[in-house]
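Asks: Structure incoming, see below.
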Amino acid sequence: MTSTEPEQTLSTDVLVIGGGPAGTWAAIKAAQAGADVVLADKGYTGASGATASVGTGIWYVDDVPELREAAMASREALGGFLADRDWMARVLDETHARMDELARVQRYPFPVDAQGRQLRGDLQGPEYMRRQRTRVQRLGVRILDHTPALELLTDADGVVSGARALDRTTGETVRIEAAAVVLAAGGCAFQSKTLGCDVNTGDGALLAVEAGARLSGMEFSNAYAIAPKGTSLTKTAYYSWATFYRADGSVLEGAASKGGRSVIARTLLTEPVYARFDRAGPDEQRAMRKGQPNTFLVFDRLGIDPFTDLFEVTLLAEGTVRGTGGVRIADHDCSTDVPGLYAAGDTATRELICGGFTGGGSHNAAWAVSSGSWAGRGAAVFANRRGRPGSRLRSVGTAGLRPTGSVNVGHGEVVAAVQREVLPYDRNYLRHADRLEPALRSLHGTWSAVREGLGASGEELFRAREAAAMVAHGRWMYHAALQRTESRGMHKRADRPTQDPAQHHRLLTGGLDQVWSRPETPSRSLDTIGGRAA
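Each residue of the sequence shown is one higher than the one before, counting from 569 in this note's numbering.
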C-alpha cells in the first residue's frame, strides 16, 4: 500500500477481529474484565458468518462424570488420539457455564422438555447472534461493522499492538492501536459457496503468521459437507437418516454421511449421486422440521420433499471451518506464540479437543464459546499489565498489500487458481502424493505471482488480502498433508492408508515465502494446563 493520505486512528485496550460466536464472547469477557474493547468485523456483527445463518448443535454435556467420560471418549479414536483430555474437560466446563449465562443474561429461549428442563444442545444461529450483538453493545464495546482487518501492527519488540483495517463504507483505512489483539476471524472455506462461509477466507491465520505465529493441524483441513446440488445448504446432521442412490435408483453401497462420505466423493468423479431422508419416521420428520426449519426452507423452495423425493447431492469444501487446523494455541488463555496475540474459534486449531477430526457445530461451536471467553479474558489481563502501546508501530502485512513488483495480478484470477487446486475431491479429499505434490507446486507458483504483482486500493484491497490468505492456506494445508505420511483423523491418504504409531504427534506449520512443517516436540507441546511453550 503506497497511499500517504491520513487515516483515522483509534486506541483501545483490546481489539477483537471477527464478530462471530468466538469474537463476541471474547469482546464480552474482555469488557467484563474492565478493558476498553473495539470489535472489527468484515461483515455485520450478528448477521454474517457460518453461525448467523443456520442452526447449530453444541457440545453441551451435563456435569455428570459418566456422561462427561463418554463424551470425551467418543471422539478420541476418530481424531487419531491427538486430543487432550484436560482441554476437553475445560471446554465442557466453560461451555456449560456460558450456556447458563446465555440463558440467564441474554435470555436465549432454549426449548424445554416435558419436565420443563431446558434443552441446551442446539442453538438457532440468527437468534443466538442477535442476542450476542446486543450484549456486546450494552457492555460498551465499539463495533466496527464492515471493517475487515488488513494487517497487524507490532512494536519494536514484536509485541502485537493493533491492526490496520478497511472501512468499507468509506473506502478509507483505519488504524486501531491496541495493547492486545484477539483473532477470531473464522477459518478458510475457499469461497466454495458453503452456507455463510464466503467471509471465511483464512484472514486470521495469514495475519498471525505474518506476525510470527505458528499453525497446527493444517493437514486436517480437508472437510467436505454434503449439500443438495446447486445450493449452499451444508447442514449435514440430517443425512444420518439418508440413503444414497445412483442415477438408476440403485442404492450406492457404502455411502453414508458418517464413515461413507469418501464413497460419495469417488462416485461423484464419474456420475451423479442422489439422496433421500427415507430412514426417518413420522415423529423424526416432525422433529427435524422443527429443529432446523431453514434446512427445509431450501427444499420447499425447490419443490422437493426430502423424505419421499430423490434429490441430487454434491460435496462442498469447508477447509478449516469444519476442519481442525489453525493458529497454534500456546497457553490456557488462548495466547499464541506471539506476545499480545490471542486466537479463538475457527481461526485457532481445535486439535486440543478434537484431534484430527471435527465437523460442523458441536465441538466447533463449544470451542468458539470457550476459546473466545478465554482469549477475551487473557487479552484483557495482558492489556492491563502492558498498558497502551506507543505510537512507533510497524505494519507487518505482506502479500496483497505490498507487491514487490508492478501490479499485474487480479484477486479474481488468484481465487480461481486456488480453487482449481483445493476444491476437487481427487486432490484434497481423496489424497495421494501424486496429486498433492503438483497441486502444491502450482500453489507455490501462485503465491510467487501474488507476492510480486497482487495489489489494490479501496474496496479491492481486502479482496486482495482474502485471495492472498486463500493461497497461503492451500500451501500450508498441502505441505502438512505431504509431511504426514499416514492416514489419521480426517487426513486420509490413498498411498499411505494406515496409521503410523511413530507419527502420533501434532504437526506444526508456518512460513510465508518458504513453507515448513515439523513435528511438535515435547518441549513445544502444551501438555498441561497453563504450560507455556518454549
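For every residue, glycine included, the Cβ atom is placed at its ideal position computed from N, Cα and C.
Keep in mind the model is a prediction, meaning the values are calculated, not measured.
1) Return yes when the Cβ of Val622 is within less than 8 Å of the Cβ of Asn862, no when it is not.
2) Could you say which of Ala843, Leu1075, Leu1080 and Arg698 lies nearest to Met1038 if we only look at CA atoms?
3) Quick one: using the 10 Å Cβ neighbour count with 16 as the cut-off for buried, is Val709 buried or exposed?
4) Skipping 5 residues on each side, what residues in its chain have a beta carbon closer than 8 Å to that of Asp873?
5) Tell me the DSSP bridge mates of Gln576?
6) Leaving aside the five residues before and after Thr769 along the sequence, list all residues of the same chain whose C-beta is less than 7 Å from its C-beta, in chain order.
7) If the criterion is Cβ atoms closer than 8 Å, does the pair Glu1088 and Gln1071 meet it?
8) How about Gly587 and Val750: do their beta carbons lie closer than 8 Å?
9) Could you name each continuous alpha helix (DSSP H) segment of 4 residues or more that falls completely within the segment 830-876, going from the start of the chain to the end?
10) Report the start-end ranges of each beta strand (DSSP E) in the segment 620-663 that is 3 residues or longer and not cut off at the edges.
11) In three-state terms, what does DSSP make of Cys513?
12) One question on the structure: do Leu670 and Lys761 come within less than 8 Å of each other, judged by their Cβ atoms?
13) For Gly684, count neighbouring C-beta atoms within 10 Å of its own C-beta (all shown protein chains included) and say buried if the count is 16 or more, exposed if not.
14) At what residue ranges does the segment 661-738 contain a whole run of the beta strand (DSSP E), taking only runs of 3 or more?
15) So the candidates are His979, Ala912, Leu1008 and Val906; which of them puts its Cα closest to the Cα of Gly726?
16) State the DSSP-derived secondary structure class of Glu919, mapped to helix, strand or coil.
17) Could you tell me the distance, in whole angstroms, from the CA atom of Ala984 to the CA atom of Lys610?
18) Taking the Cβ atom as the reference point for each residue, do Cys922 and Ala912 lie within a distance shorter than 8 Å?
19) From the DSSP output, in three-state form, read off Pro1065 for me.
20) Taking the beta carbon of Val680 as the centre, do at least 16 other beta carbons fall within 10 Å, making it buried, or is it exposed?
21) Can you tell me whether DSSP reads Val584 as helix, strand or coil?
22) State yes or no: is the beta carbon of Arg1061 nearer than 8 Å to at least one beta carbon in chain D?
23) Applying the 10 Å Cβ sphere with the 16-neighbour rule, what's the burial state of Pro716?
24) If I measure Cβ to Cβ from Gly1099 and keep anything under 6 Å in the same chain, skipping five residues before and after, which residues do I get?
25) Does the separation of the CB atoms of Pro840 and Ala815 fall below 8 Å?
26) For Ser789, which of Ala638, Asp723, Arg999 and Ala599 has the nearest alpha-carbon?
Replies: Answer, in terms of the structure:
1) yes
2) Leu1080
3) buried
4) Phe867
5) Val742
6) Cys756, Gln759, Glu1034, Ala1037 and Met1038
7) no
8) no
9) 850-859 and 861-870
10) 623-625
11) The structure shown has nothing for residue 513, since the chain only spans 569 to 1102.
12) no
13) exposed
14) 690-692, 710-712, 717-722 and 728-735
15) Val906
16) helix
17) 21 Å
18) no
19) coil
20) exposed
21) strand
22) Absent here is chain D; the protein component of the structure consists of one chain.
23) buried
24) Reliability fails at Gly1099, whose pLDDT of 37 lies under 50, so the model's placement of it is uncertain and the value that follows must be treated cautiously. Excluding positions up to five away in sequence, the list is empty.
25) yes
26) Arg999
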